[in-house]
Each structure stands twice: as structure tokens, then as C-alpha cells.
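To start, the structure itself, in C-alpha cells.
Protein chains: 2
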Amino acid sequence: MDVSTVSRSLNGSYGIHRDTREKVLAIAARLNYRPNRVARNLVTGRSHTVGLIVSDIRNPFFAEVVRGAEDAACEAGCEIVLCNADLDSGKQARYVQSLLDKRVDGILMNSVGGLDRPQQEQLALSGIPVVLLNRPRSGSNFSTVTADNQEGGYLAGEHLAKLGHRKVAYLSGPRDHGNMRERARGLIRALTATPGAVAPIVLRAPHNFRGGYEMASAILARHPDVTALFAANDTIAFGAIRALIDAGRPAPRHMSVIGFDNVELASVSGPPLTTVHQPKYEMGRAAMEMIIQATAMQGPHLPEHRILGVKLVERESCAAPRNGSAI
Amino acid sequence: MDVSTVSRSLNGSYGIHRDTREKVLAIAARLNYRPNRVARNLVTGRSHTVGLIVSDIRNPFFAEVVRGAEDAACEAGCEIVLCNADLDSGKQARYVQSLLDKRVDGILMNSVGGLDRPQQEQLALSGIPVVLLNRPRSGSNFSTVTADNQEGGYLAGEHLAKLGHRKVAYLSGPRDHGNMRERARGLIRALTATPGAVAPIVLRAPHNFRGGYEMASAILARHPDVTALFAANDTIAFGAIRALIDAGRPAPRHMSVIGFDNVELASVSGPPLTTVHQPKYEMGRAAMEMIIQATAMQGPHLPEHRILGVKLVERESCAAPRNGSAI
DNA sequence: CTGAAAGCGCTAACAG
DNA sequence: CTGTTAGCGCTTTCAG
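The structure is reproduced here in C-alpha cells:
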């Protein structure tokens, strides 16, 4: 009995006698034998592993995306290696390199922004499928999966405008986030369409709780005429809500707050957060499915782009401004 | 120039001429050469990868733990493969098998409860370090990292008792969760130490938002004399808070609620959640460090156990019962 | 200090 | 249908 016979039996290849296979299977089971995947990967060139680079898994948005991706991977018999790159471009580049070295079958990443030109080219030349998350389809020819960010921004702006807000602030993340720029664009579009509204004030800070807290505090201190806050994500919104409470000017009575993401806990904040829902789990799943599919075909795959819909979820953090329109 | 010379240069092994190494490095850089890690793994037998099996990364507790583990892994030049096993023992067993097949250097897992005896033995015999998270050190000789769950339960019970609660309900997860059992034990210890208090009612449900919602609703419907809820984790507590609001009996006025974990968003719920803080990030980090360290030494490593401290974080979801002690 | 040779554990032609 | 023969791309003795 040769190793190749064993290999063929275990892999269910054609051209092997029933009895032989049965025998192999039986004895393998008895010995508790398990083929060494790394040896197999070396020869086949496929690892059944895909890399996931997000900025921080503690952000519930990414947790949701990662779960969707993992479920899809699991169904396809793949595993995921998770990398937290924060907003550190060095870390991001090192992770990409590392994943490439490990011969992952594909990479699903947050953004390719941290990579310089040659690094992006190397990634493209590696031949493995890469899909970017929530990035506007840029010059680079990687695939993308994104929520309809501009539409989401528009929905938020429209809702605020309908309530009577005319002067709103946009609490954004760091400058280079294309998706947040899209949301701002949508907001502006909605605002310019409403008579009497002025262009939003935009603030930038880390897109986390603390950042939201600081931006809201800054608005309170420096722009007393602002009546509504559009946070670029729910976590920022939570920070803002807390800041408003601590300043004795809680939402929605003194200030409306609207978020983006519709994280599970948005329904339990005080007050429950009005926000724009994006299909996080589905986005992760879709991205992973694109990778799996591209991996299955040989030859170069064309970049593909999927935009998933968003919707407004009204809860209790927004209300009409206290004294009509501002100023 | 032989491959072995290249290998030695790149790995910084001793016994190579400065000039040779420089030359190799230079030409490798120029060609953008990167050694194939899977080939290397095959021969060295080490993968610089460790498996992480949690029940669900969307649970903020695990997100935090995973982040701590990933940071520690990153510092040691390792990557993590993330698996969500839910509470499905089949899935858990398959993941363990898969990780073993891929020759991970170690496994950090939530629980070993889903594995049957032979599977546990196989895991132990594999020789790789395994550390269990938040499990009481059981008969199996795997390492563990856990918060001081019993102490946490005690702290919660003591706090409630001091406020004047005598009849409390414990909103737990599925039966086989050792850590939640420990928390209950602590709670009971605190309650039996306070005169007039009765044993807590304990309910079981999935340990998520929905489970919390349902358990709180059940308490309202069937145990009107209960004045305080101790949730086995914050997510359950959030579900309970929501249920109380929906029932028109919001915390803390009509019912006190105390959680466990001290998730970041506990400070933003309405009302902000009083809870027991456990050092999630540090737990993940500690667990990963144990694995890395055990991997570094050869030969069998002895199981090790670390218990990390907890503390009470008072916010606004607990108050004295409305009419003194219950009944 | 460097080259040659063996081999990690598997798969994939190619014969038989 | 099954055995034989080559590697996959690296590391590691062992000579030189």
C-alpha cells in the first residue's frame, strides 16, 4: 500500500477501488491519522485560509463584518486569519506581507490606504483576490464591497432637515476615510436641498468613543448654534451622547444625535440611537464569497464591485430643535 | 551561491560571512524576494500561528479578549486564526481538528466543553499548548486564564444586599458554563451572608441580548417580588434593561440591574450600567503570552493557571428597592 | 564559511 | 486501479 494510494483514498479522487478506499479509511480512523495540511498546502499552492485585515475588531462594526466573513469561509472549508492594523500603515503593510508569505488564498481588507504604490502593485501582482471594504471604488483595480454610504449620509441629512435642523455638525473620523467622505457628501447633498440650511461644520478625530466625546464637547464649546450632530459611526455617536449628558445638555432635548451603522446596542443607549443601518454581516459574507469564488476559478479574475443598501432607523435621539431653526 | 547560503543569510544564522549576507540581502531586496512560509513551516514544524476559538466575536467580551491576544501574538511575530464556534460542539470539534491539521503552535479557546473525552485526549496528546478562557480549572490538565468570577459574583451580591435587596434573580447563560456557575456561587455566598435574603431565582437562556430580554420579561411576569436582576454578562443586562423599558418598569426605579464584564458601552446605556469589571484585554494578552512562552520551550510544559482580579463599577442601574425589602 | 545532499509530508503525473 | 518517481520551497546535517 503506497502513500499515493492513501492520498487518493483520503481525497476522494477518482480511480480507486471501493474496497481499497474503505480499507484505507478504516485504518486511518483506527490510527487516528490526519493528513498534514501544511505539506498539502505546499504542494497544491492553496492554503484554504484567507486573511482579514481590519482596523480594530473591538469596533462592533468590524466584529459583525468579520463574523459574516467567517461564516462564509467556514461553509467553504476555509479559515480566516485576523489582523488588527489600527490606522497604522506600517502595521498594515507588514500584515499584508506576512499574509502573502503565508500564501493565503485571498485578502479581505478594510482599506488599502496604508500601502504605498509599490506595495499596492505587489499585492495586485500576487494574483490572489483582494476585496476592499467600504471603500469607494478607486483607481486601484481591487474588488470592493461597500454600503451605500452617500445614500446613508443623505438619509441622515434629510431626516434632520425634516425635523427642522438647519445647522448641523458632522463628527467624522480621520481624513483619509473614503467612506466617511461619502457620508459627508450625502449629508451635504441633503442639506443644500433644504432652504435655509447652511453647510455642516465638520470635525475630525479618531473614530471611537473618546473621539466622539471630544468632538461633541468641542461643538458645545465653540458652536452653540449647532442643533444636531451626525456621527460618522455609532461609536462616535455614543461618545457624543455621553458628552452631552456630562455637559448637562442631553439628547434629544438639547441636541439631536444621529449615528451610522446600527450596531446592536444602538437600541439600548440612553436615549436609543437613531441611526443609518448598514448590512454589516452581509457585507462580510459577500466579500468572503467573492474571494472564495475568485479562488475557485483559475486565471486572473476581474475586479467586481458590490454596493449594499442602507436604511434609516428612527429611534429617540433626534427631535426638532428647541427654538425652530437655528440663529 | 547555494540556496542554503541564502537561507542562512535570511535567517540570520551564525557562520556566514558579513559580505555574503549583505550581498544576499541586497539581491533579495532587489528581486523583492520573500521566502515561502509554508515551506518553512513544513520543515521546522512551527507555524507561528495560533488558533483562537471563541463562541462569537460579536460578543464585545470576546472582541476585547481577541484583541489582547492578537496584540500579544503580533509582538511575538505570530498570527491568529479566528474561529466562531457558537455553542455548537460539532463545530468546535471540527475547528480543533482543523487547527491541529494546520499545525498551529497553540490553541486559545473559550471552553473545551464541546469535546468528548477522546477528543480532549487527542488535543492533550498533540503536544501543543492549550489555554482555556474563563473556565474553572477542571480535571483536564490544560492551562487556564480566568477572571475571579466567584469574587465578581460576590461583589455584585454584596452591592445589591447593601442597597437593601433581598430577593434577586440571576439571569444566566446555558447550563454548562462553568464561569457563570462561579458567578452564581459568589452571588449566593453574598446573599446567604445577609439576613433576610432568600436564595436567588436562576433563569437560563442564550447569553445574548434576546436571552436577557426574555429572562427579564419572565421575571416580571412570574416573580413580581424580585427587586434586582444580576445578569451573567452585560449583553444580557442590556436585553433586560430594554425589556424593563418596554414593560414600563425601567431600571433602576422599578428594578435594579447589575451586569458583568464592563463592556465599553456599559457607560452609555440608559441608564448607565452598574457592572463588575473583568480585565478582558489583559486576559487575552495573558493567555497568548502563556502560549507563546510554552511554545518557546521544548518538551512538555506544565499547565498553569492565572486568575485575574475584578472590581465593581457603580453607575446608575441600581438603586434601593421601592418599598424596602421585598414581600 | 559555503556547497552538497537529504528530507519535511504530501500530491500529481506517468507507467505498469 | 495501484505503485513509482518527481518535486513543492525550504532548513539542516555533513562534508569540504
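Chains A and B supply the protein sequences, listed in that same order.
With the numbering used here applied, the first sequence covers 287 to 613.
With the numbering used here applied, the second sequence covers 287 to 613.
The beta carbon of each residue, even a glycine, is placed where N, CA and C say it ideally should be.
Identification of residues in the segment 311 to 325 of chain A having a C-beta nearer than 8 Å to some C-beta of chain B yields Asn318, Arg320, Pro321, Asn322, Arg323, Val324, Ala325, given in sequence order.
Using a CB distance cut-off of 8 Å, B:Ile544 does not count as an interface residue toward chain A. Under the DSSP definition of a beta bridge, B:Asp547 partners with B:His563. Per DSSP, the unbroken beta strand (DSSP E) holding A:Phe516 starts and ends at 514 to 517. Put simply, the CB of B:Gly534 is far from chain A, with every gap to its CB atoms at 8 Å or more. DSSP places B:Thr430 in the uninterrupted beta strand (DSSP E) bounded by 429 to 433. Comparing alpha carbon positions, the residue from B:Val352, B:Arg326, B:Ile339, B:Asn345 closest to B:Ala572 is B:Val352. Listed along chain A are Arg353, each with a C-beta nearer than 8 Å to that of B:Asp342. With fewer than 16 neighbouring CB atoms inside 10 Å of its own CB, A:Gly331 falls in the exposed class. Contact between B:Ile343 and A:Ile343 is confirmed by a C-beta separation of about 7 Å, below the 8 Å threshold. Only buried fits A:Ile505, as 16 or more other CB atoms lie within 10 angstroms of its CB. Residue pairing for B:Gly464: DSSP places it in no beta bridge. With a beta-carbon spacing of about 12 Å, A:Ala518 and A:Val543 fall beyond the 8 Å limit used to define contacts. Using a C-beta cut-off of 8 Å, the segment 407 to 419 of chain A makes no contact with the segment 366 to 380 of chain A, since fewer than three inter-stretch Cβ pairs fall below that distance. Assignment of beta-bridge partners to A:Arg608 by DSSP yields no partner.
Secondary structure note for A:Met501: its alpha helix (DSSP H) is the uninterrupted segment 495 to 508. No Cβ of chain A is located within less than 8 Å of the beta carbon of B:Lys453. Around B:Phe524, the beta-carbon contacts reaching into chain A at under 9 Å are Glu550, Leu551, Ser553, Val554. With distances taken between CA atoms, B:Thr432 lies nearest to B:Met569 out of B:Glu361, B:Thr291, B:Met569. Secondary structure in the segment 312 to 372 of chain A: the alpha helix (DSSP H) runs of 4 residues or longer, each lying completely within the stretch, are 323 to 330, 346 to 361 in chain order. In this structure, DSSP gives B:Val484 a state outside helix and strand, which the three-state scheme calls coil. A buried status is given to B:Val398, since no fewer than 16 other beta-carbon atoms sit within 10 Å of its beta-carbon. The secondary-structure analysis by DSSP pairs A:Leu419 across a beta bridge with A:Val431. Between B:Gly498 and B:Ala523, the gap from beta carbon to beta carbon is short of 8 Å.
Using a Cβ-Cβ cut-off of 8 Å, B:Asp387 is close to Arg320, Pro321, Asn322, Arg323 of chain A, given in chain order. Taking 8 Å as the cut-off, the beta carbon of A:Val599 is found no closer than this to the beta carbon of A:Gln564. Cβ neighbours of B:His509 within its own chain (closer than 7 Å, five residues either side excluded): Ala455, Ile487.
A direct Cα-to-Cα measurement between A:Pro589 and B:Pro321 gives close to 28 Å. The DSSP-derived three-state label of B:Met576 is helix.
The DSSP-derived three-state label of A:Ala582 is helix. Listed in chain order, the non-local C-beta contacts of A:Pro558 below 6 Å within the same chain comprise Arg601, Glu602, local neighbours out to five positions each way being set aside. Assigned with DSSP and collapsed to three states, B:Ser542 falls in strand.
Shown here, A:Lys448 sits in a helix according to DSSP, grouped into three states. Remark: C-beta atoms of B:Ala359 and B:Glu350 do not approach each other more closely than 8 Å.
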